[in-house]
Amino acid sequence: MLQAKLRYDDDMLDQPNDMNGETNFILAIDGPAGSGKTTLALKLAEHFGLAFLDTGLLYRATAKKLLDAGATADDEVAAEHAASSIAATDLNPDQLMTEIIGQTASKVAAIPAVRIALLDFQRRFGDGGKGAVLVGRDIGTVVRPDAKHKIFVTASVEQRAKRRCKQLQERGVAAIYANVLEELCQRDARDRSRVVAPLLQAEDALILDTTDQSIETAFENAKTLIAKRQTAA
Ligand code: DC
Numbered sequence: 002m003l004q005a006k007l008r009y010d011d012d013m014l015d016q017p018n019d020m021n022g023e024t025n026f027i028l029a030i031d032g033p034a035g036s037g038k039t040t041l042a043l044k045l046a047e048h049f050g051l052a053f054l055d056t057g058l059l060y061r062a063t064a065k066k067l068l069d070a071g072a073t074a075d076d077e078v079a080a081e082h083a084a085s086s087i088a089a090t091d092l093n094p095d096q097l098m099t100e101i102i103g104q105t106a107s108k109v110a111a112i113p114a115v116r117i118a119l120l121d122f123q124r125r126f127g128d129g130g131k132g133a134v135l136v137g138r139d140i141g142t143v144v145r146p147d148a149k150h151k152i153f154v155t156a157s158v159e160q161r162a163k164r165r166c167k168q169l170q171e172r173g174v175a176a177i178y179a180n181v182l183e184e185l186c187q188r189d190a191r192d193r194s195r196v197v198a199p200l201l202q203a204e205d206a207l208i209l210d211t212t213d214q215s216i217e218t219a220f221e222n223a224k225t226l227i228a229k230r231q232t233a234a
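In case it helps, the working numbering puts the sequence shown at residues 2 to 234.
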């Protein structure tokens with residue numbers, strides 16, 4: 002079972018912030034692939050001096066273990082075994098961001114036993130510190146429904162495909178827009194339609210549509226949404 006804390010370092014925790022003395026500050030950020038949620042979440046974690054967890058890495062690491070073992074995503078027993086054996090050292094993004102791992106992650110994420118195996122670590126993440134920023138698909142609905150701050154980040158599928166294409170090209174991958182768009186549509190459909198913990202906006206989440214927003218604008222708007230919820234409490 003995962004024990005280690007991720008991207009949690011003492012320097013970050015010493016940074017000034019504007020949390021108004023709030024303790025156990027949990028910020029749940031959800032949204033579809035390519036919405037910009039992970040970049041935004043990381044910036045918010047740095048701003049508030051909070052621990053950060055990209056929960057997609059847990060599903061990606063499970064997918065990689067499965068593929069490395071020569072198994073496929075329809076082997077539920079092997080997938081659960083892979084999820085149960087994930088360690089913090091398996092969560093290096095550099096080895097997990099390929100399209101095949103992304104697609105397989107989306108498939109293993111639909112297996113209830115895989116989600117259960119990965120739940121406890123996510124729930125306990127940031128406990129005992131000032132709080133944490135968690136980013137994924139079901140943080141506000143299932144992992145931390147108790148979070149006071151929830152943001153659902155979205156953007157048009159065309160804009161998300163454009164961004165994903167650019168990211169891939171920057172990494173030296175020869176990405177074709179039409180293929181990336183098709184892949185995103187498939188992943189969206191799978192993530193939204195699965196029976197357990199589908200991609201869904203929590204009822205009390207605030208929506209941030211980043212279609213026409215740069216990351217800097219999205220960051221400013223997210224801080225405004227958080228401040229509004231703080232004063233409303
Ligand atoms: O965020 P990402 O693209 O790295 O996530 C990869 C897959 O993992 C995504 O298609 C769905 C799944 N996932 C999930 O089901 N629940 C989460 N909290 C995070 C990711």
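Where is the CB? At the ideal position from N, CA and C, for every residue including glycine. It should be emphasised that the depicted structure is a prediction, and the values quoted were computed from it without experimental measurement.
Minimum C-alpha distance to residue i - residue among the options
i, options, result
"H82", "Q187, V136, A118, L207", "A118"
"A62", "E159, L185, I101, T232", "I101"
"T40", "D69, L185, T225, F220", "F220"
"D76", "T105, D95, S86", "T105"
"I112", "N180, D192, I140", "D192"
"T99", "N222, R230, V181", "V181"
"C166", "D147, E184, V154, I152", "E184"
"T211", "L51, A79, D189, F153", "F153"
"H48", "V134, N93, D121, V197", "V134"
"D147", "D205, L45, K224, A176", "D205"
"D213", "D95, D128, K163, G103", "K163"
"L207", "A223, I216, T218, L120", "A223"
"A84", "K229, A175, G50, L120", "L120"
"L51", "G127, V174, E171", "G127"
"R125", "Q96, D95, R145, T24", "R145"
"E159", "C186, G130, A88", "C186"
Assumed close pair residue i, residue j - CB separation to whole angstroms, cut-off 8 angstroms
i, j, result
"G37", "A156", "7 angstroms"
"H150", "L28", "5 angstroms"
"F26", "G132", "3 angstroms"
"V136", "A64", "Their Cβ separation, rounded to whole angstroms, is 18 angstroms, which puts V136 and A64 out of contact at 8 angstroms."
"P33", "R195", "The Cβ separation is near 13 angstroms, so there is no contact."
"Q123", "T73", "That pair is no contact at about 25 angstroms."
"T140", "I227", "According to the sequence shown, residue 140 is Ile rather than Thr. With 8 angstroms as the limit, I140 and I227 do not qualify as a contact, their Cβ atoms being about 15 angstroms apart."
"L92", "A79", "Incorrect: roughly 19 angstroms between the Cβ atoms, too far for contact."
"A188", "S86", "The question names Ala, but residue 188 in the sequence shown is Arg. Contact flag wrong, Cβ pair sits at about 25 angstroms."
"L200", "R138", "4 angstroms"
"A70", "V143", "Between V143 and A70 the Cβ distance is about 27 angstroms, and since that is not below 8 angstroms, they are no contact."
"A179", "L169", "Rounded, the Cβ-Cβ distance is 13 angstroms, inconsistent with contact."
Limits of the beta strand (DSSP E) - the one that residue i falls within
i, result
"D192", "Not the beta strand (DSSP E): D192 falls in the alpha helix (DSSP H), residues 178-194."
"A137", "This sequence places Gly at residue 137; Ala is not what is there. Where G137 is concerned, the enclosing beta strand (DSSP E) stretches over 132-137."
"D55", "52-55"
Beta-bridge partners of residue i, as assigned by DSSP
i, result
"H150", "L28"
"G127", "Beta-bridge pairing links G127 to no other residue."
"T155", "D210"
Span of the alpha helix (DSSP H) around residue i
i, result
"I102", "100-109"
"L226", "216-233"
"E47", "38-49"
"V78", "77-85"
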